[in-house]
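*Asks:* Under my numbering, read the sequence shown as residues 19 to 442, first letter to last. The C-beta atom is built at its ideal place from N, Cα and C for all residues, glycine as well. Here it is: the structure, laid out below.
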Amino acid sequence: MHGDRSGGGGVGSGALARGDSEQREFGDRAAGTPDGRGQGAGTRRHRAPAAPGSRQREQGTRAPGAGHAARLLLRARPGGRWRSSPHTGPRKQSRRRKRGARAALGVHRRGSRMEPNVRFWITERQSFIQRFLQWTELLDPTNLVVSIEKIEKSRQLLLTNEDASIRDLEDQRIKEAWKRSLSTVHPDNSKLIPVPLRPAALLPFTAPMIFFSMMSVKSLKSLILPQMSFYTYTTAFNIVNGNASYNRRLYESLLLGTGVIASSSFFGLFPRLLQMRLHNVLLKKALPIIILTHISAMNVVAARSLEPIRGIEVMDKEGNVMGYSRKAGTKAVKDTAASRVVLFGTSAFIPEVFSHFFVRTQFFRQYPWSLWTFKLSCTVLVMGLMVPVSFSIFPQIERIQCSELEKEIQSATEETELFYNRGV
Numbered sequence: 019m020h021g022d023r024s025g026g027g028g029v030g031s032g033a034l035a036r037g038d039s040e041q042r043e044f045g046d047r048a049a050g051t052p053d054g055r056g057q058g059a060g061t062r063r064h065r066a067p068a069a070p071g072s073r074q075r076e077q078g079t080r081a082p083g084a085g086h087a088a089r090l091l092l093r094a095r096p097g098g099r100w101r102s103s104p105h106t107g108p109r110k111q112s113r114r115r116k117r118g119a120r121a122a123l124g125v126h127r128r129g130s131r132m133e134p135n136v137r138f139w140i141t142e143r144q145s146f147i148q149r150f151l152q153w154t155e156l157l158d159p160t161n162l163v164v165s166i167e168k169i170e171k172s173r174q175l176l177l178t179n180e181d182a183s184i185r186d187l188e189d190q191r192i193k194e195a196w197k198r199s200l201s202t203v204h205p206d207n208s209k210l211i212p213v214p215l216r217p218a219a220l221l222p223f224t225a226p227m228i229f230f231s232m233m234s235v236k237s238l239k240s241l242i243l244p245q246m247s248f249y250t251y252t253t254a255f256n257i258v259n260g261n262a263s264y265n266r267r268l269y270e271s272l273l274l275g276t277g278v279i280a281s282s283s284f285f286g287l288f289p290r291l292l293q294m295r296l297h298n299v300l301l302k303k304a305l306p307i308i309i310l311t312h313i314s315a316m317n318v319v320a321a322r323s324l325e326p327i328r329g330i331e332v333m334d335k336e337g338n339v340m341g342y343s344r345k346a347g348t349k350a351v352k353d354t355a356a357s358r359v360v361l362f363g364t365s366a367f368i369p370e371v372f373s374h375f376f377v378r379t380q381f382f383r384q385y386p387w388s389l390w391t392f393k394l395s396c397t398v399l400v401m402g403l404m405v406p407v408s409f410s411i412f413p414q415i416e417r418i419q420c421s422e423l424e425k426e427i428q429s430a431t432e433e434t435e436l437f438y439n440r441g442v
């Protein structure tokens, strides 16, 4: 049993990152070899190159208790090529290569080999209060500066302790490992989330942008930079933290993001021209809040518009992928957009209400400049509360009744409910 887990750790963790400075493979240490080739968990000895006559014996060798993942690692060559048995036909060799590639990349999760973050959100069926308390820990700013080596060790610990739960209070290492993994690793592709776009970075980046966007100005030019900065960041955040289980090329994300930023900035700035011509004080205060709330929701819908078109992965409770569902993609985008309405609408509304009463106090008459300090502090405090609230309204891994999905998926499983990653 122990050997199987260690062998699987090299496979599942090797998908954490490839080809990027922030995306490193986690397979080398788990495999126990300097070149990253796995050996099965039961041994730490380096395997010498096999002679041609002993190739068949080498392929049949495996570590005690190692499963299919360990056998794939034993056949792995540097560069991603695979050795196949000389006694198997071309069709069987092709199937083995495909299974090996999927296992190495972590694309299709099978049983206990599914992504640890997905396993956590499926098994830990938390209430709203539990999710809120969970997110208060995951939004800790220290998760922005945690080193890749610490994340790597945490992932290895979770992969070798498949029954680990964050409620294991007696084991502080497991609690810390879950905290690092859930806050820094994307559950769909097992890759590191860039530091500025991690959930913990949303508050420090967007709170000042909202403050400057809500300021009363006489010139539209002074709003261009805050508005474009806000929608640029939120667009990138929505794309990176959305569902990544479907096929998406880099140029598609860049083109989509550019269009969403341009359209969001335009529709966010254009109504402010009307605001400057209004004489009704109530409308002048309410219009920026309404604009910010609606454009933030539409930003999510536009930035993640490929999910309802191409469909996202739906899986059973064991992590077995049943197919790609457009209906699940539509629901994921809709729920996330609703959470953004709660987040940015409340974060813009409450500071305006408090400021309305603050300007009537004697303190404001003595220190007029204190209004901006008060409003900024209020924005940060309200948003600091609303970020975990909005993230907790819906689970990150949501359940959906199989009867609500496409007929192709219904015919592929006997389960009554399936799961999908809603995103953040």
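Decide if I444 is buried, meaning its Cβ has at least 16 other Cβ atoms within 10 Å, or exposed.
*Replies:* A question about residue 444 goes unanswered here, because the residues of the chain that appear run from 19 up to 442.
*Asks:* Does DSSP put P52 in a helix, a strand or coil?
*Replies:* Residue placement at P52 is poorly supported in this model, since its pLDDT is 38, which falls under 50; the coordinates still yield a value, given next. Three-state DSSP puts P52 in coil, outside helix and strand.
*Asks:* For L300 and M401, I'd like the C-alpha separation in whole angstroms.
*Replies:* In a straight line, the C-alpha of L300 is about 23 Å away from that of M401.
*Asks:* What's the gap between the Cα of H374 and the Cα of V235?
*Replies:* Distance between the alpha carbons of H374 and V235: 17 Å.
*Asks:* Less than 9 Å separating the beta-carbons of M232 and L310?
*Replies:* Yes; because the gap between Cβ atoms is below 9 Å, this pair is in contact.
*Asks:* Is the region 270-285 in contact with the region 247-255, if contact means three or more CB pairs nearer than 8 Å?
*Replies:* Cβ pair count under 8 Å is three or more, so yes.
*Asks:* Using a Cβ-Cβ cutoff of less than 7 Å, which residues in the same chain neighbour F382 once the five nearest sequence positions on both sides are dropped?
*Replies:* Contacts found: F376, S388 and L389.
*Asks:* Which residues does DSSP pair with Y438 in a beta bridge?
*Replies:* Note: Y438 sits in a beta bridge opposite E416.
*Asks:* Closer than 7 Å by C-beta to P406: which residues in its own chain qualify, once you throw out the five before and the five after it? Chain order, please.
*Replies:* F150, W153, T154 and L157.
*Asks:* Tell me where the beta strand (DSSP E) around S343 begins and ends.
*Replies:* Its beta strand (DSSP E) spans residues V339 to S343.
*Asks:* By the 10 Å Cβ neighbour count, where 16 or more other Cβ atoms means buried, how is E133 classified, buried or exposed?
*Replies:* E133 comes out buried.
*Asks:* For a test of the three-state rule: what should DSSP assign to I327, helix, strand or coil?
*Replies:* In the structure shown, I327 sits in a helix (DSSP, three-state: H, G or I).
*Asks:* What is the DSSP secondary structure of V407, reduced to helix, strand or coil?
*Replies:* Helix, per DSSP.
*Asks:* First and last residue of the alpha helix (DSSP H) that includes H312?
*Replies:* Taken as a continuous stretch (DSSP letters only), the alpha helix (DSSP H) holding H312 covers V299 to A321.
*Asks:* What residue range does the alpha helix (DSSP H) around M233 cover?
*Replies:* Premise fails: M233 is in no alpha helix (DSSP H) and is neither H nor E.
*Asks:* Nearer than 8 Å: is that true of the beta carbon of K335 relative to any heavy atom of the ligand ADP?
*Replies:* With respect to the ligand ADP, the structure offers nothing, as it holds no ligand at all.
*Asks:* Taking 9 Å as the threshold (C-beta atoms), are V258 and L291 in contact?
*Replies:* No; because the gap between Cβ atoms is not below 9 Å, this pair is not in contact.
*Asks:* Considering Cα atoms alone, identify which of Y269, S410 and L200 is closest to T170.
*Replies:* Looking at the sequence shown, residue 170 is not Thr but Glu. Considering only alpha carbons, the answer is L200.
*Asks:* Roughly how many angstroms lie between the CA atoms of S240 and G286, to the nearest whole one?
*Replies:* Taking the straight line joining both Cα atoms gives about 13 Å.
*Asks:* On the DSSP bridge assignment, give the partners of M333 in chain order.
*Replies:* Looking at the DSSP assignment, M333 forms a beta bridge with V339 and F437.
*Asks:* What are the boundary residues of the alpha helix (DSSP H) that includes R149?
*Replies:* Here the alpha helix (DSSP H) through R149 covers F146 to L156.
*Asks:* Find out if the Cβ-Cβ distance for the pair K345, E424 is shorter than 9 Å.
*Replies:* Yes.
*Asks:* Spatial neighbours of Y385 within its chain, please: C-beta separation below 6 Å, excluding the five flanking residues on both sides.
*Replies:* There are no such residues.
*Asks:* Going along the chain, which residues of its own chain have a beta-carbon closer than 7 Å to the beta-carbon of R99, five neighbours each way excluded?
*Replies:* Bear in mind that the predicted position of R99 carries a pLDDT of just 33, short of 50, making it unreliable; the figure below should be weighed with that in mind. Cβ within range, chain order: n/a, list empty.
*Asks:* Let me check understanding here. Comparing Cα to Cα, which of N161, E270 and F409 lies closest to A219?
*Replies:* Nearest option by C-alpha distance: N161.
*Asks:* Name the one or two DSSP bridge partners that L200 has.
*Replies:* L200 pairs with nothing; no bridge assigned.
*Asks:* Just how far apart, CA to CA, sit I427 and G341?
*Replies:* In a straight line, the C-alpha of I427 is about 6 Å away from that of G341.
*Asks:* Measure the C-alpha to C-alpha separation of A254 and L273 and round it to an integer number of angstroms.
*Replies:* Distance between the alpha carbons of A254 and L273: 12 Å.
*Asks:* Bridge partners of L243, per DSSP?
*Replies:* According to DSSP, L243 bridges with nothing at all.
*Asks:* So what does L210 bridge to, in DSSP terms?
*Replies:* Partner(s): V203.
*Asks:* Quick check: is the beta carbon of S421 nearer than 9 Å to any beta carbon in chain B?
*Replies:* Among the protein chains of the structure shown there is no chain B, as only one such chain exists.
*Asks:* Shortest alpha-carbon distance to M294 belongs to which of V360, D189, L268 and S237?
*Replies:* Nearest option by C-alpha distance: S237.
*Asks:* Relative to the C-alpha of N317, which candidate in E331, N256, V360 and E325 has its C-alpha closest?
*Replies:* If we check each option's Cα against that of N317, N256 comes out closest.
*Asks:* I need the boundaries of the alpha helix (DSSP H) containing W387, first residue and last residue.
*Replies:* Run containing W387: none; DSSP gives neither H nor E here.
*Asks:* Can you grab the Cα-Cα spacing for the pair E270 / S323, in whole Å?
*Replies:* Near 11 Å, if we compare the C-alpha coordinates of S323 and E270.
*Asks:* Find out if the Cβ-Cβ distance for the pair P306, A366 is shorter than 9 Å.
*Replies:* Against a cut-off of 9 Å, the Cβ pair of A366 and P306 comes out as a contact.
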